[in-house]
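There are 2 protein chains.
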Amino acid sequence: MDTRDQLIDSARELLWERGYVGTSPKAIQQRAGAGQGSMYHHFSGKRELALAAVRRSADELLTAADSQLRGPGTAVERITAYLRREREVLRGCPVGRLTQDPEIVADPELRAPVDATLTRLRARLAEVLGEGQAAGELPAGLDPAALAATVVAVLQGGYVLARAANSPVPFDQAVSGVLALLTVH
Amino acid sequence: MDTRDQLIDSARELLWERGYVGTSPKAIQQRAGAGQGSMYHHFSGKRELALAAVRRSADELLTAADSQLRGPGTAVERITAYLRREREVLRGCPVGRLTQDPEIVADPELRAPVDATLTRLRARLAEVLGEGQAAGELPAGLDPAALAATVVAVLQGGYVLARAANSPVPFDQAVSGVLALLTVH
DNA sequence: GTCTATAATTGGATAGAC
DNA sequence: GTCTATCCAATTATAGAC
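As they're listed, the protein sequences go chains A and B. Here UniProt numbering is used: the first residue of the first sequence is 1, the next is one more, and so on. Here UniProt numbering is used: the first residue of the second sequence is 1, the next is one more, and so on.
This is the structure:
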């Protein structure tokens, strides 16, 4: 991996752990093993590097979600696989985390990939949920878009509860709860 | 309101907007209309002031939730009232927001009020959900603790989706989705 | 209790040598 | 492309006068 990629990867990790305001160019350089000059050669500054990092994290999230949601199995099986897949729960979501950063949400270009990713994720889930309704696995008459928002919110909120408790237990409870509601019908 | 309270209130606002790492003592002082000396007279430093601010916000959240959850009405009515109450969705949750701050979750004393508040909120909701099951309003056989985690996660995650989209719409969708799942039975 | 002065450290970047 | 030197503002305090 070249220096430019190392910088992007280090920025991704630090944005995940500490957010945009909590991450300094110096910290990124040190983690990447690069000097000042190197970073400012490849990027105009902190913001442009963060932009590259956010875009890459956003792409990876959607790709990972697709591998469960577009995989084999019934709608309920795919949604269950997505919700139950192994996650580093206490680290939170590398994309959702960015919504808590004032400088990210205030900057249209930095917010755009976050918005696009979560919006597309909901759209993918709504498709699968719609398929489940058509197949009679899920109750008809409920808005797939609303249910998709609920499912994604359970994940994002589950991370919040887990980090507050310093334990993955409430995350797992929240996932179990929504799966039970979806499948009890 | 005296200077000490002004400082706590200003700290609460800034912690809500910018988090712990994004908030400087100077910014708190300026918002409070107080000088350096004043702040360091009342508090030993940023951390102690933040501790007072976090505790106050945590207390207020639980009090506000109780006013809906312990109010009149059936279990479903109270949960609906709680989920549908007016919120400044794009500002996010003043308590849940803190879980994204590395310095908050790494500090047991700062994390404690956040943890206690979200844990108690889930316990209150589990009680109400249990009452709803006993009254036949909600499907029996589902774990009230899991459902409570789901409901709180939908709120916390709804804020994430809304801030990403810069719109309250996905928050409202997520709430509608979980209410539909709870009441369709 | 509040004010102003001072200070060590970090943040975010520029300049120029190699 | 990468390095070191330099720069100015902000951060997080402490000291002492009033």
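All C-beta atoms, glycine included, are put in the ideal place defined by N, C-alpha and C. Quantities reported herein were computed from a predicted structural model and do not represent experimental measurements.
Residues from the stretch 77-103 of chain A in contact with chain B, defined by Cβ distance under 9 Å
Leu90, Gly92, Cys93, Val95, Gly96, Arg97, Leu98, Thr99, Gln100, Asp101, Pro102 and Glu103
Measure from the alpha carbon of asparagine 166(A) to the alpha carbon of each residue in Arg78(B), Leu142(B), Pro113(B) and Gly157(B), then state which is nearest.
Taking the first sequence and counting its residues from 1, one reaches residue 166(A) at position 166. Per the Cα distances, Pro113(B).
Would you check if the distance between the CB atom of proline 94(B) and the CB atom of leucine 61(B) is smaller than 8 Å?
By one-based count along the second sequence, residue 94(B) stands at place 94. By one-based count along the second sequence, residue 61(B) stands at place 61. Taking 8 Å as the Cβ cut-off, proline 94(B) and leucine 61(B) qualify as a contacting pair.
Neighbour list for proline 173(A) in chain B, Cβ cutoff strictly below 7 Å:
By 1-based counting over the first sequence, the position of residue 173(A) is 173. Sequence check: residue 173(A) is glutamine here, not proline. Those are Ala145, Ala146 and Ala149, listed as they occur along chain B.
With 8 Å as the C-beta to C-beta threshold (strictly closer), list the residues of the UniProt domain "HTH tetR-type" (1-61) of chain B near chain A in chain order.
Glu17, Arg18, Gly19, Val21 and Gly22
Are the C-beta of leucine 110(B) and some C-beta of chain A separated by less than 8 Å?
Here the question's residue 110(B) lines up with position 110 in the second sequence. Cβ-Cβ to chain A under 8 Å: no for leucine 110(B).
Name, going along the chain, the residues of the stretch 154-166 of chain B whose beta-carbon falls closer than 9 Å to a beta-carbon of chain A.
Val154, Leu155, Gln156, Gly157, Gly158, Tyr159, Val160, Leu161, Ala162, Arg163, Ala164, Ala165 and Asn166
Out of Arg91(B), Leu69(B) and Leu118(B), which one is the CA nearest neighbour of glutamate 131(B)?
In the second sequence, counting from the first residue as 1, residue 131(B) sits at position 131. Comparing Cα positions, the closest option is Leu69(B).
For the candidate residues Val184(B), Arg31(B) and Val54(B), whose alpha-carbon lies nearest to that of proline 108(B)?
As a first step, residue 108(B) must be located in the second sequence, where it is residue number 108. Per the Cα distances, Val54(B).
Answer yes or no: do alanine 153(A) and leucine 142(B) have a C-beta to C-beta separation smaller than 8 Å?
Your numbering for residue 153(A) matches position 153 in the first sequence. Your numbering for residue 142(B) matches position 142 in the second sequence. Not closer than 8 Å, so no.
What are the start and end residues of each continuous alpha helix (DSSP H) run of 4 or more residues lying completely inside the stretch 18-76 of chain A, in chain order?
25-32, 36-42 and 46-69
Measure the Cβ-Cβ separation of serine 10(B) and arginine 31(B) and say whether it is below 8 Å.
Within the second sequence, the letter at position 10 stands for residue 10(B). Within the second sequence, the letter at position 31 stands for residue 31(B). The answer is yes: Cβ separation under 8 Å.
So leucine 125(A) contacts chain B; which residues on that side make the cut at Cβ distance below 7 Å?
Here residue 125(A) refers to the residue found at position 125 when the first sequence is read from its first residue. Those do not exist, as leucine 125(A) stays about 11 Å from chain B at its closest Cβ, beyond 7 Å.
Assign alanine 126(B) to buried or exposed, taking buried as 16 or more other Cβ atoms, counted over all protein chains shown, within 10 Å of its Cβ.
Within the second sequence, residue 126(B) is the residue found at index 126, counting from 1. Its Cβ being crowded by 16 or more others within 10 Å, alanine 126(B) is buried.
So, at 7 Å on beta carbons, what are the nonlocal neighbours of alanine 65(B) in its own chain, with the 5 sequence-adjacent residues on each side left out?
For the purposes of this step, residue 65(B) is identified with residue 65 of the second sequence, where counting begins at 1. Only Tyr82, Leu121 and Arg124 meet the Cβ criterion.
Helix, strand or coil for arginine 87(A)? Go by DSSP, reduced to three states.
Locating residue 87(A) in the first sequence gives position 87, where the first residue counts as 1. If DSSP states are grouped into helix, strand and coil, arginine 87(A) belongs with coil.
Following the continuous alpha helix (DSSP H) through serine 176(A), name the residue where it begins and the one where it ends.
Along the first sequence, read from residue 1 onward, the residue named residue 176(A) stands at position 176. Here the alpha helix (DSSP H) through serine 176(A) covers 169-183.
For leucine 182(A) and chain B, any beta-carbon pair shorter than 8 Å?
By one-based count along the first sequence, residue 182(A) stands at place 182. Answer yes: the Cβ-Cβ gap between leucine 182(A) and chain B drops below 8 Å somewhere.
Determine the extent of the alpha helix (DSSP H) in which alanine 148(B) is found, giving its start and end residues.
One-based indexing of the second sequence puts residue 148(B) at position 148. It spans 144-165 - the alpha helix (DSSP H) in which alanine 148(B) sits, taken as one unbroken run.
What are the start and end residues of the alpha helix (DSSP H) that includes glutamine 133(B)?
Within the second sequence, residue 133(B) is the residue found at index 133, counting from 1. Here the alpha helix (DSSP H) through glutamine 133(B) covers 108-134.
What does a CB cutoff of less than 6 Å around glutamine 133(A) pick up in its chain, not counting 5 residues either side in sequence?
By 1-based counting over the first sequence, the position of residue 133(A) is 133. Contacts found: Ala140.
Output the distance between the C-alpha atoms of serine 24(A) and glycine 22(B), rounded to the nearest integer angstrom.
Taking the first sequence and counting its residues from 1, the one referred to as residue 24(A) is at position 24. Taking the second sequence and counting its residues from 1, the one referred to as residue 22(B) is at position 22. When rounded, the distance between both Cα atoms is 12 Å.
Buried or exposed: glutamine 36(A), going by 16 or more other Cβ atoms within 10 Å of its Cβ?
To locate residue 36(A), count along the first sequence from 1; it is residue 36. Exposed is the call here.
Can you tell which of Thr74(A), Tyr20(A) and Phe43(A) has its C-alpha closest to the C-alpha of alanine 135(A)?
Taking the first sequence and counting its residues from 1, one reaches residue 135(A) at position 135. The shortest C-alpha separation from alanine 135(A) is found at Thr74(A).
Identify which residue in Leu182(B), Ser176(B), His185(B) and Thr183(B) has its Cα closest to the Cα of arginine 84(B).
Start at 1 with the first residue of the second sequence, and residue 84(B) comes out as number 84. Nearest C-alpha to arginine 84(B): Ser176(B).
Relative to the C-alpha of glycine 92(A), which residue among Asp101(A), Glu17(A), Lys26(A) and Ala145(A) is closest?
As a first step, residue 92(A) must be located in the first sequence, where it is residue number 92. Of the candidates Asp101(A), Glu17(A), Lys26(A) and Ala145(A), the one whose C-alpha sits nearest the C-alpha of glycine 92(A) is Glu17(A).
Could you tell me the distance, in whole angstroms, from the CA atom of phenylalanine 43(A) to the CA atom of lysine 26(A)?
Translated into positions along the first sequence, residue 43(A) becomes position 43. Translated into positions along the first sequence, residue 26(A) becomes position 26. Looking at the two C-alpha atoms, the distance is approximately 13 Å.
Mind checking if glycine 73(A) is an interface residue toward chain B, Cβ cutoff 8 Å exclusive?
If you number the first sequence from 1, residue 73(A) lands on position 73. So, not an interface residue.
I need the straight-line Cα distance from tyrosine 40(B) to arginine 163(A), nearest angstrom please.
Counting from 1 along the second sequence, the entry for residue 40(B) is found at position 40. Counting from 1 along the first sequence, the entry for residue 163(A) is found at position 163. One C-alpha to the other measures close to 31 Å.
Residue of His185(B), Asp2(B) and Phe171(B) minimising C-alpha distance to arginine 87(B):
As a first step, residue 87(B) must be located in the second sequence, where it is residue number 87. Closest option to arginine 87(B), Cα to Cα, is Phe171(B).
Report yes or no: is there a C-beta of chain B within less than 8 Å of the C-beta of proline 168(A)?
By one-based count along the first sequence, residue 168(A) stands at place 168. Chain B contact via Cβ: absent.
Near glycine 96(A), which residues of its chain fall below 6 Å by C-beta distance, leaving aside the five closest residues on each side in sequence?
Within the first sequence, residue 96(A) is the residue found at index 96, counting from 1. Around glycine 96(A): Gln156.
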